[in-house]
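Chains as they are written, first to last, in the working numbering: chain A, 1 to 181; chain B, 1001 to 1199.
First comes the structure, then the notes that go with it.
Below you can see the structure in the form of structure tokens.
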């Protein structure tokens, strides 16, 4: 697949019959969000907090539809009880795309602890993590994750690393000027 | 039981009498026992945990099944924990979905501690503020009759907050195996073949 992982993700959603995409926005997700909004066959469900998306996905499955849930890594912290109690207890399939913060090249210390916690915390409540650091990895992991969740009955999170989406720049204007010198 | 407050089991009995073939999601604690006691059927998805998740589960279902009516039956504490979902639901404007909150102003399952709903927090106002067009607060039999009429007409999306007494009925437990409840529900809604062989 070509280099644009967001476009690949959208085609894979279509191929796998994803009908709902529930998300809290993140910069790294903006491409897939845009593609989902422009697609009349996909219902986009913006959320006020990430655990709602876990429940929306369960409800979609109860009604015979597949829902992908997308969030920034910080939001993973909000989902844990909903995943443990609802998804894992009832063995709902779950497919998540998590764009990482507090990861490769991060300069905001407030993001670091949750970034480090994402994998162990998700694994602890029964979610398998597939890590992707290149566009190719991302397409492979999304394809694999969609199979594992909606056919294999698993809970899967594809973690898109900052090596792929880039680290957000944080520097004061003065510092930027200095850096530009 | 105080004389002039509605009793939850009577309320649920009255509502279920006009349920028709609506799909029902119940929130953890007493609403789940109420639904199991009064109208147990395969088209019930009983939630025993995941506090705050009943309404968004109902939303995912309502979007997936636009030709079916979806009722979420939950409590004030459960709904308060997922109160942002009023905004999430309002954004979608599902024409087939009602959230019915049995509001006893207490956390019933944990020892009847006072909840904010008894001290000024108005869930119907919060739903209206989130953009839910039809909101009601029900305090007596006459208002309950109005809710029944609104449910029959299907004026959705709807959030109805029913002020009830703290008294509970006999604890009637539905099956507690979540996988079984999920598969039973899916088989009833989708047919056994599609439910057990998704593609």
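Note that beta-carbon positions come from the ideal geometry of N, C-alpha and C, so glycine has one too.
From a predicted model like this one, the values you see are computed outputs, not experimental measurements.
In this structure, residue 1019(B) and residue 1164(B) do not form a Cβ contact; the two beta carbons are roughly 18 Å apart against a cut-off of 8 Å. Assignment of beta-bridge partners to residue 1071(B) by DSSP yields 1024(B), 1098(B).
DSSP places residue 120(A) in the helix class (H, G or I) of the three-state scheme. Taken in chain order, the whole beta strand (DSSP E) runs of length 3 or more contained in the stretch 84-136 of chain A are 94-99, 127-132. For residue 1045(B), the residues of chain A that pass the 8 Å Cβ criterion are 62, in the order they occur in the chain. Excluding sequence positions up to five before and after residue 105(A), its CB lies within less than 7 Å of the CB of 162, 167, all in the same chain and listed in chain order. Judged by DSSP in its simplified three-state form, residue 1193(B) adopts helix.
Counting the other Cβ atoms within 10 Å of the Cβ of residue 1114(B) gives fewer than 16, which makes it exposed. Residue 131(A) has its alpha-carbon roughly 50 Å from the corresponding atom of residue 1013(B). Listed by position along chain B, the residues whose Cβ is nearer than 7 Å to that of residue 144(A) form an empty set, because the closest Cβ is around 17 Å away.
Note on residue 73(A): 16 or more other CB atoms within 10 angstroms of its CB, so buried under the neighbour-count rule. If you draw a 10 Å sphere on the C-beta of residue 171(A), you find fewer than 16 other C-beta atoms in it, and that means exposed. DSSP places residue 157(A) within a strand segment (E or B) once states are collapsed to three. The residue among 154(A), 160(A), 97(A) with its C-alpha nearest the C-alpha of residue 22(A) is 97(A). For the stretch 39-55 of chain A, the set of residues with a beta-carbon nearer than 8 Å to any beta-carbon of chain B comprises 43, 45, 46, 47, 48, 49, 51, 52, 53, 54, 55, in chain order. In the structure shown, the three-state DSSP call for residue 21(A) is strand. If you check the CB distance, residue 1051(B) and residue 1097(B) do not come in under 7 Å.
DSSP places residue 1163(B) in the strand class (E or B) of the three-state scheme. The beta carbon of residue 1099(B) sits closer than 6 Å to those of 1055, 1072, 1159, all from its chain and outside the five residues before and after it, given in chain order.
Taking a beta-carbon distance threshold of 7 Å, residue 1056(B) counts as an interface residue toward chain A. When C-beta atoms of the stretch 30-50 of chain A are compared with those of the stretch 69-83 of chain A, three or more pairs fall below 8 Å, so the two segments count as touching. Per DSSP, residue 40(A) has no beta-bridge partner at all. Contact annotation, residue 62(A) with residue 1061(B): C-beta distance approximately 5 Å; criterion of less than 8 Å satisfied.
Note on geometry: alpha-carbon atoms of residue 1185(B) and residue 57(A) lie some 15 Å from one another. If only complete runs of 4 or more residues are kept, the stretch 1115-1176 of chain B shows the alpha helix (DSSP H) at 1123-1130, 1141-1153, in order along the chain. Looking at the backbone, the Cα of residue 1083(B) and that of residue 1106(B) are separated by about 16 Å. Three or more Cβ pairs closer than 8 Å define a contact, and the stretch 4-23 of chain A meets that threshold against the stretch 129-143 of chain A. In the same chain as residue 1046(B), and ignoring 5 residues on each side of it, the C-beta atoms closer than 8 Å to its own belong to 1026, 1032, 1035, 1036, 1174, 1175, 1181, in chain order. The C-beta of residue 1093(B) has fewer than 16 other C-beta atoms within 10 Å across all chains shown, which makes the residue exposed. If you draw a straight line from the Cα of residue 1030(B) to the Cα of residue 1129(B), it is about 27 Å long. Between the C-alpha atoms of residue 1067(B) and residue 113(A) there is a straight-line separation of about 45 Å.
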